[in-house]
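**Q**
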Amino acid sequence: MTVSSAPGKVYLFGEHAVVYGEPAVPCAIERRARVTVESRDDDRLRVEARDLTLDGFTVEYSSGASDAPDVNVPTPLVEAAMGYVDGAVEQARDVADAPDAGFDMVVESDIPLGAGLGSSAAVVVAAIDAAARELDCDLTPEEVADRAYRVEHEVQDGQASRADTFCSAMGGAVRVEGDDCARIEDVPNLPLVVGYDGGAGDTGELVAGVRALRDEYAFAADTVEAIGDVVREGEDALAEDDVSAVGKLMNFDHGLLSALGVSSRSLDAMVWAAREAGALGAKLTGAGGGGCIVALDETPATETALSYTPGCESAFRAELDREGVRAE
Ligand code: MEV
């Protein structure tokens, strides 16, 4: 039996624009997905998912076959989750040259699903690492990141960037620009606070919406480029340990993302509650449309204010996790 875990993340800067080759800076947080893998005697997969902000489900099937899973949660969510797990298993089979390997898998996660905290990337990264190790293949975090990216890219119809998967595999704060990914060393301690509205956006639809705007209006394309400028300024602020400039630039980034239509009433309400509570900055994180915001505040004021904000289901402090994928 093999167990691996991998962290979720928040975007300090750059979601959406990263899809068009602008840089982005995601940052791993201490919320993890854990995947337990045990080899089977046949080629089937049995996947049990717990805590994915669903009621949990169990499904057993032959990979690639069309047996309709009889499960207790809405099928699109199960299909999405299974797409990621299935893709991860295919990657492990490929690494080990074991196309018929079957597994019993348990997926546990304390990262809200589809809420902008990189839940799917964390599950894919942990699943590839655990399944590969179960087949006696040790991969480097970079190799896991690359294979996890291939899975996300396929499940998200070719629209995924490397940001989520690279950040989850490597941990810490990372810089992603196209295919160039690197860890950012010496990141200051960032007092991150997350607000969660209990919902989730549809990443594919949101990315397609930005693409359509960008195709229609030159100023939407300029907005995407302006996000890239904010990211570059943000990197300088991080290098100078200037946390208050980081906050200011997060505010700017949120404004540009709103202009691109990916914020929502609840995300805006949480962003404004955080700012009014004295946060140094606040923005949505991830694809948007619902899910999470991230704010910077050393004091408890933002967490408290968010917990009283209508539309905010939970608020929590999120420490930077400097460790990426790991064996448990
Ligand atoms: C989703 O977490 C972030 C997006 O930039 C898409 C991606 O980078 O794959 C919206």
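Residue numbers (full-length UniProt numbering): 1 to 328.
From the three backbone atoms N, C-alpha and C, an ideal C-beta is built for every residue, glycine too.
Just so we're clear, the structure is a prediction, and the values are computed from it rather than from any experiment.
Count Cβ pairs between the region 187-206 and the region 259-267 that sit closer than 8 Å; are there 3 or more?
**A** yes
**Q** If you scan the UniProt domain "GHMP kinase N-terminal" (84-172) from start to end, which runs of the alpha helix (DSSP H) of 4 or more residues do you find wholly inside it?
**A** 119-134, 141-155, 163-170
**Q** Under 8 Å, do GLY291 and GLY201 count as touching if we go by C-beta distance?
**A** For the purposes of this step, residue 291 is taken as residue 291 along the sequence shown, with counting starting at 1. For the purposes of this step, residue 201 is taken as residue 201 along the sequence shown, with counting starting at 1. In this structure, GLY201 lies closer than 8 Å to GLY291 by Cβ.
**Q** My assumption, with CB atoms under 8 Å, is that ALA121 sits in contact with SER168. Please give the rounded CB distance.
**A** For the purposes of this step, residue 121 is identified with residue 121 of the sequence shown, where counting begins at 1. For the purposes of this step, residue 168 is identified with residue 168 of the sequence shown, where counting begins at 1. At roughly 5 Å, the Cβ-Cβ gap stays under 8 Å, so ALA121 and SER168 are in contact.
**Q** Whole angstroms are fine: how far does the CA of MET105 sit from the CA of LEU45?
**A** Taking the sequence shown and counting its residues from 1, one reaches residue 45 at position 45. Taking the sequence shown and counting its residues from 1, one reaches residue 105 at position 105. For LEU45 and MET105, the distance between alpha carbons rounds to 7 Å.
**Q** When every heavy atom of the ligand MEV is checked, does at least one fall within less than 7 Å of the C-beta of GLU15?
**A** The sequence position of residue 15 within the sequence shown is 15, counting from 1. Short note on GLU15: C-beta closer than 7 Å to some heavy atom of the ligand MEV.
**Q** With a CB to CB cut of under 7 Å and the five nearest residues on each side skipped, what residues in its chain are close to VAL19?
**A** Residue 19 sits at position 19 when you count from the first residue of the sequence shown. Cβ within range, chain order: GLN159, SER161, VAL207.
**Q** Is any heavy atom of the ligand MEV found at a distance shorter than 7 Å from the C-beta of SER264?
**A** Along the sequence shown, read from residue 1 onward, the residue named residue 264 stands at position 264. No - the ligand MEV has no heavy atom lying nearer than 7 Å to the Cβ of SER264.
**Q** State buried or exposed for PHE252, treating a residue as buried only when at least 16 other CB atoms are found within 10 Å of its CB.
**A** Stepping through the sequence shown from its first residue, residue 252 is reached at position 252. Buried, since its Cβ has 16 or more Cβ neighbours within 10 Å.
**Q** Take ALA295 as the anchor and find which of LYS283, ALA305, ARG232, ALA259 has the nearest alpha-carbon.
**A** Here the question's residue 295 lines up with position 295 in the sequence shown. Considering only alpha carbons, the answer is LYS283.
**Q** Would a C-beta distance cut-off of 8 Å place THR2 and ARG93 closer than the cut-off?
**A** Here the question's residue 2 lines up with position 2 in the sequence shown. Here the question's residue 93 lines up with position 93 in the sequence shown. No, these two residues do not count as a Cβ contact at 8 Å.
**Q** How many Å lie between ASP110 and SER4 at the Cα?
**A** The count along the sequence shown starts at 1 and reaches residue 110 at position 110. The count along the sequence shown starts at 1 and reaches residue 4 at position 4. Distance between the alpha carbons of ASP110 and SER4: 14 Å.
**Q** Since VAL85 and VAL123 are thought to touch, with beta carbons under 8 Å apart, how far apart are those beta carbons, to the nearest angstrom?
**A** Within the sequence shown, numbered from 1, the residue matching residue 85 stands at position 85. Within the sequence shown, numbered from 1, the residue matching residue 123 stands at position 123. At roughly 7 Å, the Cβ-Cβ gap stays under 8 Å, so VAL85 and VAL123 are in contact.
**Q** Answer yes if the region 18-34 comes into contact with the region 221-235, meaning at least three C-beta pairs across the two stretches below 8 Å, and no otherwise.
**A** yes
**Q** Once you ignore the five residues that flank HIS16 on each side, which residues in its own chain have a CB closer than 6 Å to its CB?
**A** Here residue 16 refers to the residue found at position 16 of the sequence shown. Cβ within range, chain order: VAL210.
**Q** Just the C-alpha distance for GLU313 and GLY199, rounded to the nearest angstrom, thanks.
**A** As a position in the sequence shown, residue 313 is number 313, starting the count at 1. As a position in the sequence shown, residue 199 is number 199, starting the count at 1. Each residue's alpha carbon lies about 9 Å from the other.
**Q** Relative to the ligand MEV, is the shortest distance from any of its heavy atoms to the C-beta of VAL207 smaller than 7 Å?
**A** Position 207 of the sequence shown, counted from the start, is the residue given in the question as residue 207. Yes, the beta carbon of VAL207 sits closer than 7 Å to at least one heavy atom of the ligand MEV.
**Q** Quick check on the burial criterion: 16 or more other C-beta atoms within 10 angstroms. Buried or exposed for LYS9?
**A** Working through the sequence shown from its first residue, we reach residue 9 at position 9. With 16 or more Cβ atoms within 10 Å of its Cβ, LYS9 is classed as buried.
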